[in-house]
Amino acid sequence: MTILKSREAILALAILALLAVIASRFPAFVTPGNLARVLTDTSPLILLALGQMTVILTKCIDLSVAANLALCGMVAALMDGMGVPLAVILPAVIVMGAALGAVNGLLVWKLGIPSIVVTLGTMTIYRGTIFLLTNGAWINAHQLSDPFKALPRMVVLGLPIMAWIAVAAVALLGLAVARLPLGRALYAVGGNPHAAGYAGISVGRTQFAAFVLAGALAGLTGYLWIARYAVAYVDIARGFELDVVAACVIGGIAIAGGAGTVGGAVMGALFLGIIKNALPVVGISPFWQMAISGSAILIAIAVNTLGRRDPGRIILKQAEART
Amino acid sequence: EPMRIALVAKALGIGFFEAANKGAEEAAAELGDVEIIYTGPTDTTAEGQIEVLNSLIAQRVDAIAVSANDTDALVPTLKRAMERGITVISWDSGVAPEGREMHLNPSSAPLIGNTIIKLAADHLPDGGQVAVLSATSTSTNQNVWIEEMQKVMGDYPNIEVVATVYGDDLADKSYREAQGLMQSHPDLDAIIAPTSVGIVAAAQAVTDAGKVGEVNVTGLGLPSEMAGHVKSGASQSFAIWNPIDLGYSATMIAYHLAKDEATAEPGATISIGRMGEVTLDENGEAAMADPFTYDASNIDEFSSIF
Amino acid sequence: MQAEPTAPVLSLRGIVKTFPGVKALDGVRLDLFPGQVTALIGENGAGKSTIVKVLTGIYQPDEGQIMLDGRPVSFPGAQSAQKAGVTAIHQETVLFDELTVAENIFIGHAPRTRWGLIDRRAMRARAAEILRSIGASISPAARLRDLGIASRHLVAIARALSVDARVVIMDEPTAALSHKEIAELYELVETLKRQGKAILFISHKFDEIFRIADRWTVFRDGAFVGEGAMAGTSEAELVRLMVGRSVDQIYPKRPATIGAPVLTIAGYSHPTEFEDITFTLHAGEILGFYGLVGAGRSEVMQSLFGITRPSKGACRIEGQVRVLRTTAQAVDAGIVYVPEDRGAQGAVKGLPIFQNVTLPSLPRTSRAGFLRLAEEFKLAREYTQRLDLRAASLDQNIALLSGGNQQKVVIAKWLATKPRVIILDEPTKGIDIGSKAAVHDFMSELAGQGLAVIMVSSEIPEVLGMSDRVIVMREGRLAGEFTGAAMTPENLVRAAVGISQQEAA
Amino acid sequence: MTTTTAPRQIPNRLTSPAARALKSWESLLLVVAVAIFLMNAMASPYFLDPWNLSDASFNFTEEAMIAFAMAMLIVAGEIDLSVGAIIALASTAMGMAMSLGAGTPLIVLVGLGTGLLCGAFNGALVAGLGLPSIVVTIGTMSLFRGISYIVLGDAAFTGYPASFAWFGQGYVFWVITVELVIFTIAALVFGTLLHRTSFGRIVYAIGNNATAARFSGIRVDRIRFILFLLTGLMSGVAAVCLTSRLGSTRPSIATGFELEVVTIVVLGGVSILGGSGTILGVVLAAIVMGLVTFGLGLLNVPGIVMSIVVGALLIGVIAVPRLIFKLRT
Ligand SMILES: Nc1ncnc2c1ncn2[C@@H]1O[C@H](COP(=O)(O)OP(=O)(O)OP(=O)(O)O)[C@@H](O)[C@H]1O
Ligand SMILES: Nc1ncnc2c1ncn2[C@@H]1O[C@H](COP(=O)(O)OP(=O)(O)OP(=O)(O)O)[C@@H](O)[C@H]1O
Ligand SMILES: [Mg+2]
Ligand SMILES: [Mg+2]
């Protein structure tokens with residue numbers, strides 16, 4: 008009963024129902040191999056949704072993640088072109104993503120500019136920087152080294168590394184959110200910023216940390232994205248930030264901050280990922296995809312928000328007994 | 147004062163258009179008194195292209211040669227350009243006739259339509275299933291080629307086109323669409339991608355799915371971008387016209403029209419320098435040359451050029 | 036009782052703290068002694084909460100010294116004050132809905148495992164221990180959002196005690212507690228005293244201060260006015276120090292002629308909040324609503340004002356049936372409501388005073404929907420002056436006013452609509468004694484002019500001092516109605532607590 | 455000297471409105487606008503040409519029309535990210551009307567009506583069900599444009615009647631375009647609505663404290679609903695102009711519009727958190743954006759580099775004053 012009340016459980020059921028519907032029309036979709044493919048395909052969304060979740064928990068929003076991803080990915084590709092080994096590229100893009108996130112975080116923390124304004128600005132700046140770096144030129148598969156392209160595709164225990172990275176990030180972040188003081192601070196800062204100050208938690212510093220984490224994940228995803236699709240150009244992942252926010256919203260992360268779970272964010276991302284992957288397979292015209300994911304978002308918000316409605320104070324004894 | 151010719155790309159940064167720009171510069175050098183303004187939006191939208199066109203009109207350039215993101219949406223703006231005395235032609239991807247003086251096709255549309263299906267059919271002696279991975283659903287030229295392809299399907303009775311999907315000229319979307327094609331059509335034999343972005347993504351998807359040899363990727367692509375995939379066998383062959391020649395020819399035509407050395411009317415013949423000459427048909431369109439097919443035998447020769 | 040203690044644990048000297056435009060503290064001093072309760076008294080805005088925040092490292096003083104055991108210290112952050120053994124129950128809620136009770140208690144200083152992770156088992160065990168010590172039967176694993184307001188307050192107290200403290204600060208800790216819990220809090224204070232802790236106790240309730248404090252310190256307008264032992268002082272003396280003059284009448288109730296029924300409520304019910312509320316209100320009457328905190332009075336009043344929708348019941352105003360589903364309908368019907376939560380529901384912070392006043396009267400001050408500023412200033416001036424508002428200008432942001440003055444603006448806003456019924460929900464909660472008298476005086480005057488007044492209050496002296504008639508509520512139901520000689524503290528409390536419970540006790 | 459017993463007189467104001475205006479965000483924007491204008495005039499010989507300036511106005515008029523309504527919505531503490539999608543859907547509806555043989559007046563009505571309907575849908579979800587507007591409109595952004603894709607797929611509507619071209623390509627007087635006139639009228643109407651009427655006052659009250667506004671007898675949800683309607687309507691107007699200017703409809707029309715509109719509003723000094731901002735600021739911000747993009751366009755600077763400038767401007771104009779304040783104290 009209480010299990011059924013949890014948002015994550017509802018979402019898990021929704022995902023299963025979705026898979027069942029798809030399987031009824033196209034059984035091959037639910038074979039392990041294909042599900043692994045869907046998971047791999049959804050990995051970037053999962054990684055970014057995790058970062059976005061921490062940011063949204065602190066009452067902020069990061070619209071610059073996709074641009075951050077694209078910039079870091081391009082830098083990774085350029086480094087590869089200069090012959091830098093992957094072992095250096097990988098930490099470098101993570102640090103760079105974190106630094107770009109830190110820029111957002113600092114503007115929010117030190118100057119108190121609303122995050123939506125900051126990241127709206129940095130979104131265009133980061134993406135524009137790619138153009139300045141490359142003059143708009145594409146970097147194509149043949150210009151990328153083989154080890155660079157191979158890492159995310161390498162299959163270990165039946166899953167490509169790309170998917171394993173997402174799985175690892177989910178596990179680590181799940182642990183961090185539940186058990187690290189900073190993880191709990193995310194909820195405190197988003198739930199009651201005023202009170203967080205009284206508990207000795209700096210609101211700004213926590214928001215900063217969330218932006219840095221989101222940035223680092225975006226940087227890592229940048230490399231994975233470029234390596235996986237084997238092409239880098241200015242417009243990589245344009246508009247992806249809205250998918251990421253949508254995944255969080257579907258996953259029950261409260262946009263007002265302070266409420267939401269890692270599991271929710273992951274399932275929100277999987278839900279969107281399955282829809283995206285299933286439409287072409289099931290034979291629904293791709294032109295329907297946008298409307299379908301829009302409707303899914305709307306239904307999810309309605310379920311989440313209405314389900315979270317304040318039940319009132321329940322003063323009457325008999326009413327209390329009933330609930 | 148040199149003549150200023152604006153070469154407007156669908157979007158900046160795409161290898162194909164960068165190569166066309168090389169050709170335009172070559173033509174400018176040959177002509178002597180020409181300055182090329184190579185520009186375009188940063189994403190493939192009509193709105194972005196209109197803003198670029200507006201600033202070109204404001205600079206009173208002498209000629210605009212545009213590869214359009216949208217056949218119709220650019221027309222009002224280009225009409226205004228012509229009203230202000232600017233020579234307007236389209237190339238590669240065309241504008242509706244009222245929005246330009248003439249249109250330079252890289253090749254003739256029927257020829258391209260036939261080529262892309264033939265490329266697939268040549269490697270399917272026993273017939274089979276093919277699918278089309280196009281650019282955006284609004285790309286004029288792709289739509290025309292696919293239409294032309296459909297017209298000649300009767301010549302290939304064993305070949306069945308099972309689906310047409312759109313990758314929007316985005317690498318990731320094209321990749322996913324190609325994956326989807328292989329999923330939903332397990333017996334697929336070939337993917338035809340008449341777009342340089344889509345063909346690379348499809349080849350990558352085929353490689354990643356471990357279906358090299360099983361699914362042949364073909365269509366229109368750039369040798370430099372496709373070299374690896376031809377060698378790996380993901381693509382047996384593909385075709386393209388030379389974008390350098392295309393930029394060169396468009397510049398030449400724009401120059402002659404702007405100088406009033408030629409008029410854009412049906413039947414008119416315009417010289418395009420080293421490429422010879424083109425003749426306008428009743429729609430004011432002309433075709434530059436035949437598409438050229440690349441395969442393992444000649445890919446290395448061209449992959450360093452464009 | 037105790038001998039004059041030898042040395043203070045904590046003492047403050049010459050503390051100055053300025054905010055843009057306000058000097059909240061102007062060179063104040065304060066001494067806290069081990070094993071003693073020091074009461075800090077002052078009007079609203081005297082700077083009491085500000086000194087608490089200085090002491091707990093939330094604010095940094097501009098000038099002055101903090102001395103711990105005679106040695107100067109500084110608290111650059113909340114953690115450093117905690118480490119030095121200073122802990123506080125703050126005036127505002129400092130809790131987090133999405134965290135568990137244990138996490139709420141230990142956030143910021145949770146026990147850690149070897150790996151740097153939060154040691155959840157240790158945290159729960161210690162939380163359970165602290166909760167038990169204050170007699171709270173709350174599960175440490177419960178989510179805070181599932182708790183009621185009183186339990187939340189107990190969690191806040193447990194949070195303060197989770198720090199191994201030498202100095203415990205309580206900023207109006209009893210404001211949200213019921214009788215029973217207040218008694219338990221007093222016991223806790225005694226225990227802490229016995230453990231030799233120094234306690235700073237801030238309250239506006241004099242009975243409370245006289246009951247538990249050993250010493251007093253008075254602030255006025257951010258300045259130190261005096262200090263001394265409780266034993267040698269009187270309420271009148273403290274009041275005089277606080278407001279700088281003597282307040283002779285806190286309950287200036289004037290007799291009024293009670294007229295015809297204005298508002299008749301029959302059988303108002305709500306699925307979860309209240310049931311079968313029936314009463315009649317007359318012109319010129321002040322009807323008191325008494326009950327323990329959480330009895331549901333605010334809920335009933337808000338349903339009269341169109342905020343909560345009753346599921347059953349009828350409302351008549353001057354004999355006519357009215358449906359009140361929105362606040363706009365209530366205002367149209369002549370019912371207005373001065374909410375309990377001034378900050379969130381009363382004042383529109385960010386708008387100037389005059390715009391706050393004219394907000395519900397815009398149809399009157401504007402013409403064909405277009406604003407007429409001159410009319411607005413006129414209306415705002417008329418009503419704010421009648422309430423003796425203290426403000427620099429009518430164009431000033433209401434957020435810059437003290438709580439009492441904000442309350443006056445909210446009342447002015449409603450009087451400007453010329454209502455028939457005015458509902459005042461805890462009109463003097465958290466308001467200092469001087470302003471309290473002013474609000475009471477005004478209430479009395481309104482009733483005298485024939486307005487029907489409902490006053491919700493949790494303070495017995497206020498209810499008895501101001502009301503013509505008192506209705507008591509308990510757990511969402513009417514629990515008795517008293518007039519004349521029956522209006523005694525015993526009767527009210529008995530009805531509010533429930534007779535059976537009283538007998539059982 | 456008054457007698458001591460008279461009640462203390464509280465002055466209306468301590469600073470005059472003029473003195474306030476001088477220190478306001480709007481005067482800062484005006485300075486920025488003039489500076490950019492002068493810089494443009496110096497940088498390009500083509501800038502000071504009435505026809506060019508008139509053409510340049512298309513760079514911002516459509517966005518700005520929506521920005522006025524969006525400004526009111528943001529002042530009230532809400533946001534609508536679906537405006538670009540509303541344009542797409544309204545344009546698609548107009549195309550359908552046109553293909554069914556409707557004349558220009560009916561086509562325009564269909565466009566405005568679709569805008570209103572979309573606004574009503576957003577409004578019902580936000581004001582009626584109480585869902586957060588930012589996520590609702592992220593959802594409807596996909597839904598509305600998604601419907602356009604379902605209807606149009608890879609096709610396009612073309613062949614609008616010649617008289618329809620007037621809205622996006624016509625001139626009212628000399629170089630003054632129809633769009634510029636609509637922009638000016640919209641600025642005046644929304645300026646009056648927000649700053650001179652009780653409706654506008656209530657919008658500010660809701661933006662500052664919606665609960666207290668409700669407790670002041672204001673029908674908060676109704677106002678919110680109306681604001682979404684207005685935003686939908688103005689998106690419909692923009693859809694008419696843009697469709698007319700492009701002479702065709704594709705489902706991808708006006709992609710990314712929402713962010714440009716929000717950028718104009720925020721640059722105009724409207725607090726994204728609600729409660730403050732002016733229409734004059736939005737007008738100036740639109741002009742600044744128009745000047746920046748046109749000026750850089752004349753120098754053939756690619757659009758993406760312009761967007762860096764706009765992004766930097768957005769952060770910079772807010773950050774620099776705060777930074778100076780921080781460094782001073
Ligand atoms: N963060 C702040 N910014 C500006 N002014 C402030 C701030 N905090 C407090 N003040 C002002 O400082 C003064 C002292 O406030 P404080 O909260 O200390 O009063 P108080 O004595 O606790 O009153 P109350 O009895 O109402 O709780 C008031 O004038 C208040 O408006
Ligand atoms: N559990 C709770 N969760 C959220 N808000 C609460 C809770 N309990 C009380 N409140 C709010 O706190 C304020 C104080 O409530 P209060 O204790 O006065 O209850 P009440 O029902 O108004 O009873 P009364 O007025 O009879 O004391 C009210 O505005 C109420 O809505
Ligand atoms: Mg206080
Ligand atoms: Mg109450």
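Protein chains in written order, with my numbering: chain P, 8 to 330; chain H, 147 to 452; chain V, 36 to 540; chain S, 455 to 783.
Just so you know, even glycine gets a beta-carbon here, dropped at the ideal spot from N, CA and C.
Closer than 7 Å, Cβ to any Cβ of chain P: which residues of the stretch 425 to 446 of chain H, in chain order? none
What three-state label does DSSP hand Phe162(H) in the structure shown? helix
Could you tell me the boundaries of the alpha helix (DSSP H) in which Met519(S) lies? Thr515 to Val529
Assuming Gly439(V) and Asn663(S) are in contact, meaning their beta carbons sit under 8 Å apart, how far apart are those beta carbons, in whole angstroms? In fact, because the Cβ distance is near 19 Å, the residues do not count as touching under 8 Å.
List the endpoints of the continuous alpha helix (DSSP H) containing Asn444(H). Where Asn444(H) is concerned, there is no enclosing alpha helix (DSSP H), given that its DSSP letter is neither H nor E.
Amino acids of chain S, ordered along the chain, whose beta-carbon sits closer than 7 Å to that of Val221(H): Within 7 Å of the CB of Val221(H), the CB atoms of chain S belong to Gly701, in sequence order along the chain.
For Gly584(S) and chain V, any beta-carbon pair shorter than 9 Å? no
Hey, how far is the Cα of Ala233(V) from the Cα of Pro43(V)? 9 Å
From Ile10(P) to Ala276(P), what distance separates their C-alpha atoms? Confidence in Ile10(P) is poor, its pLDDT being 46 and thus under 50, which makes the residue's placement unreliable; the coordinate value appears in the next sentence. So the two alpha carbons sit approximately 21 Å from each other.
Secondary structure at Asn200(H), three-state DSSP: helix, strand or coil? If DSSP states are grouped into helix, strand and coil, Asn200(H) belongs with the helices.
From what residue to what residue does the alpha helix (DSSP H) around Met372(H) run? Looking at the DSSP string, the run of the alpha helix (DSSP H) that includes Met372(H) is Pro369 to Ser378.
Please confirm whether any heavy atom of ligand 1 lies closer than 8 Å to the CB of Ala55(V). It should be pointed out that residue 55(V) corresponds to Pro in this sequence rather than to Ala. Pro55(V) Cβ: within cutoff of ligand 1.
Three-state secondary structure (DSSP) of Arg150(H): strand
Using Cβ-Cβ distances below 9 Å, what residues of the stretch 197 to 213 of chain P are close to chain V? Gly197, Gly198, Asn199, His201, Ala202, Ala203, Gly204, Tyr205, Ala206, Gly207, Ile208 and Ser209
Members of the stretch 258 to 278 of chain P near chain V, C-beta cut-off 7 Å: Per Cβ criterion, the list reads Gly265 and Ala266.
Going by beta-carbon coordinates alone, are Val737(S) and Ala610(S) separated by less than 9 Å? no
Just list the alpha helix (DSSP H) runs in the stretch 297 to 369 of chain H, keeping only unbroken ones of 4 residues or longer that don't cross its boundaries, in chain order. Whole alpha helix (DSSP H) segments, 4+ residues: 317 to 330 and 342 to 354.
3 or more residues per run - each beta strand (DSSP E) lying fully within the stretch 456 to 506 of chain V: 456 to 460 and 487 to 491
Would you mind reading off the limits of the alpha helix (DSSP H) that contains Pro222(H)? Val221 to Glu229
Could you tell me whether the Cβ of Met161(P) comes closer than 9 Å to any Cβ of chain S? no
Straight-line gap, Leu476(S) to Ala525(S) (C-alpha atoms, nearest Å): 22 Å
Under 9 Å between the Cβ atoms of Ile726(S) and Ile520(S)? no
Measure the C-alpha to C-alpha separation of Ile457(V) and Val256(P) and round it to an integer number of angstroms. Counting only the Cα atoms, Val256(P) lies some 43 Å from Ile457(V).
Let me check understanding here. Comparing Cα to Cα, which of Leu78(P), Asn284(P) and Val91(P) lies closest to Ile137(P)? Checked all of Leu78(P), Asn284(P) and Val91(P); the closest Cα to Ile137(P) is Leu78(P).
So who's on the other strand from Cys350(V), going by DSSP bridges? Ile300(V)
N-terminal and C-terminal residue of the beta strand (DSSP E) that Gln463(S) is part of: Taken as a continuous stretch (DSSP letters only), Gln463(S) belongs to no beta strand (DSSP E), as it is neither H nor E.
Run through chain H and tell me which residues come within less than 9 Å of Phe138(P), C-beta to C-beta. Leu158, Gly159 and Thr188
For chain P, check one thing: does any of its Cβ atoms lie closer than 9 Å to the Cβ of Gly344(H)? no
For the stretch 12 to 31 of chain P and the stretch 258 to 274 of chain P, state whether three or more C-beta atom pairs, one from each stretch, are separated by less than 8 Å. yes
Since Ile196(H) and Thr223(H) should fall inside the 8 Å C-beta cutoff, what is the C-beta to C-beta distance between them, to a whole number of angstroms? 5 Å
Should Phe247(P) be counted as a contact of ligand 6 given a C-beta to heavy atom distance under 8 Å? Here the bound small molecules are ligand 1, ligand 2, ligand 3 and ligand 4; ligand 6 is not part of this structure.
Endpoints, the beta strand (DSSP E) within which Asn251(H) is located: Unbroken beta strand (DSSP E) run through Asn251(H): Met248 to Asn251.
Short of 7 Å in beta carbon distance, which residues of its chain neighbour Leu422(V), apart from the five on each side in sequence? Order them along the chain. Listed in chain order, the non-local C-beta contacts of Leu422(V) below 7 Å within the same chain comprise Lys443, Ile446, Ala447 and Phe477, local neighbours out to five positions each way being set aside.
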